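Take a look at the structure set out below.
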Ligand code: PEP
Ligand code: MG
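In my numbering, the protein residues as written are 65 to 818.
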């Protein structure tokens, strides 16, 4: 008869909690832990192996094996059954371990008499960082419930170690397992600024105290209620979407629904709760296991599905915590950390409590980066694994220019960052001094500096920065942050506020630029293979004219008595522009017939973002009142590089000779055709890039408001005649980037680049 476990997993978890609360050394707690687990599972041996730097798994505590082997036995990656568990991330359950090909005999442990072996991985955040084993002398197969129970214990153990509940740096000289230790990361600075603050996790992990259930029955009910609420919300997404953008495939949300109703998923979470976990911990455990399995499969389709499931699990956690108000509870000096984030999610947080943002994934021109810059929020992206390394409340210092991030920094680092901040404040004061001075080169060429905006909170920057107007108002942001589609009256109200706040300064409203990386949370969207080349911007507007018509109607109404400037995004063909312009004309005519107050003048421009349009300037200039170069998309398309994919977004430099030659060609043709041309991509806001653009003949640049000061100082120290000659010569070169040559030119001529 196989031995029967006494007490069951819940008793075990309760004991685990008691041991954790004891005020003894980490080693003593670990020793107790293995004794208790062995007794509870009626095993003769219980051991904990933890991963050391360099991947070796070290025996940290044991009941039953030779105690002298603790901290001496180390298994290399993949070595022995313990290595097998770590490598596969799966439990290994054997009735005759010594006969298994992976069995590796370690004489110092004295484990030869044990036949049965059960090992489970200690997993956190989809990574294995230890193995928990039990062994018995007699040959037996451990029951499914025993495997489950051991996995639950391993999960709690993972969290305890990661959150510093067992070790502290003083006790254990082990970098990988010392959660208190300072860590330095380097990512990519996407929005300038220096900040020191405390970590606030966008997707917080369940704390150890909240992992073990007091009342499992209650937890089951909580889980069921949350699953029910999740299903309802997904069903609602499908049924009550106000906007049917495709009317065809509902694949994405259908998949969500499929997952949300998946009985296997629900059952796995229920099982996890039955082992004694809280509902939150159960969701995490099932998710962790799934993530680990998928990451080992190397199947892109499955990975995509895993993202969906991750997203769903996060939603479920939000239902469990009733977390609608999370953003409101954020402490005052928070630095927000997330794996990835959409612009709408960022805007959920209170700007006045937010000091900076750190993301594991985001590209320079991604929408969340643009919004962060608009909010004047320092942002560093591409910081791998920081959300796993950080704990809520940790001190963190970031530099949004260099991309440096210090987690739990030493005092000297904090002091250095404070000094940087003071220096920046000094620079900002210098910009304030030039605010009311004109942007004129030393040889008298006037450049119009406009700002980019998209939210009401951007508009005060118009006056603070001294911008000449809003050169690009991204109207889609307002659509992206809401829960539902804004009604006509909401849109009129919103545009009126912007126009009033701008006063005499011009505002260029770009019509909805949806698709690509900009999707509406409440709209049905057909998943596309290549969204950047897909159904987006003006293409949607022409296929669904009601959207554009209402927006134009709102803009016309809000601009009564003023000049309205409309900009159409992603125009690739003249006839496309003409169709949209005809729609604007029809709306104007409608207002005239209804004798409604109208704008004094309506100007309609085209964004030049599709390379094909660069060859049609004489023609488009006959229809359009102005052209604005969207260099983010234009160069991304010209170089065939996905601007939202951090793996490739940096492969080309905006200061490549081809980029400058293309822009030069556009400026020339537009000017020859007697048209007005400006540039509103991110490069306009970088002083060195802007210097090249001025050299290419651009007279209007539109950028984030924070960049107006630095660009103006650059212009006021520049000689146009010299830079235009220099840039002209550079266009003929074969360099990968002209950045260093331009920088050398600036240094030689005393051009201010700060
Ligand atoms: C651009 O493409 O350069 C641009 C300004 O538009 P967005 O970044 O909003 O796509
Ligand atoms: Mg664009």
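Just so you know, even glycine gets a beta-carbon here, dropped at the ideal spot from N, CA and C. Nothing here was measured: the structure is a model prediction, and the numbers come from that model.
| query | result |
| --- | --- |
| Whose CA, out of 729, 642 and 697, lies closest to the CA of residue 678? | 729 |
| So, is residue 87 buried or exposed, given that buried needs 16 or more other C-beta atoms within 10 angstroms? | exposed |
| Can you grab the Cα-Cα spacing for the pair residue 81 / residue 352, in whole Å? | 21 Å |
| If you reduce the DSSP assignment to three classes, tell me which class residue 259 lands in. | strand |
| Would you kindly check if the distance between the Cβ of residue 788 and the Cβ of residue 759 is under 8 Å? | yes |
| Return the CA-CA distance between residue 444 and residue 456, expressed in angstroms with no decimal places. | 18 Å |
| Going by DSSP, what residue range makes up the alpha helix (DSSP H) through residue 735? | 721-736 |
| Which of the three DSSP states is assigned to residue 511 in this structure? | coil |
| Going by DSSP, which residues form a beta bridge with residue 463? | 258 |
| For residue 770 and residue 526, what's the separation of their Cα atoms in angstroms? | 10 Å |
| Should residue 95 be labelled buried (16 or more other beta-carbon atoms within 10 Å of its own) or exposed? | buried |
| Is the beta carbon of residue 697 within less than 7 Å of some heavy atom of the ligand MG? | yes |
| Cβ atoms of residue 410 and residue 432: under 8 Å apart, would you say? | yes |
| CB of residue 577 to nearest heavy atom of the ligand MG: below 7 Å? | yes |
| Verify the contact flag: residue 694, CB atom, against every heavy atom of the ligand PEP, threshold strictly below 7 Å. | yes |
| Closer than 7 Å: is that where the CB of residue 633 sits relative to any heavy atom of the ligand MG? | yes |
| Taking residue 682 as part of the alpha helix (DSSP H), name the residues at either end of that continuous run. | 681-687 |
| Contact check, residue 795 vs residue 725 under 8 Å by CB: the rounded distance? | 5 Å |
| Residues in its own chain within less than 7 Å of residue 806 by CB, not counting five upstream and five downstream? | 719, 752, 755 and 756 |
| Hey, is residue 673 close to the ligand MG, as in C-beta under 7 Å from one of its heavy atoms? | yes |
| Whole angstroms are fine: how far does the CA of residue 373 sit from the CA of residue 694? | 35 Å |
| What residue does the alpha helix (DSSP H) around residue 702 start on, and which one ends it? | 695-702 |
| If you reduce the DSSP assignment to three classes, tell me which class residue 197 lands in. | strand |
| With a 10 Å radius around its C-beta and 16 neighbouring C-beta atoms as the bar for buried, classify residue 627 as buried or exposed. | exposed |
| Suppose you measure from the CA of residue 132 to the CA of residue 198; what does that come to, to the nearest Å? | 18 Å |
| Across which residues does DSSP place residue 191 in a beta bridge pair? | 188 |
| What does the Cβ neighbour count give for residue 533, buried or exposed, with the cut at 16 atoms within 10 Å? | buried |
| In the structure shown, what three-state DSSP assignment does residue 425 receive? | coil |
| Report all residues from its chain with a CB closer than 6 Å to the CB of residue 690; omit the five preceding and five following residues, and keep chain order. | 669 and 740 |
| Quick check on residue 658: buried or exposed, where buried means 16 or more other Cβ atoms within 10 Å of its Cβ? | exposed |
| Considering only C-alpha positions, which residue in the set 780, 262, 563 and 253 is nearest to residue 714? | 253 |
| Can you give me the Cβ contacts of residue 222 inside the same chain, cut-off strictly under 8 Å, excluding the 5 residues immediately before and after it? | 186, 187, 188, 193 and 194 |
| Does DSSP put residue 239 in a helix, in a strand, or in coil? | With a pLDDT of 43 at residue 239, under the threshold of 50, the modelled position of that residue is not reliable, and the figure given next carries that caveat. Helix, per DSSP. |
| Just reading off the alpha helix (DSSP H) that residue 639 is part of, what are its end residues? | 638-657 |
| Starting from residue 764, trace the beta strand (DSSP E) both ways and give me its first and last residue. | 764-767 |
| Look up residue 253 in the DSSP assignment and give the residues it is bridged to. | 444 |
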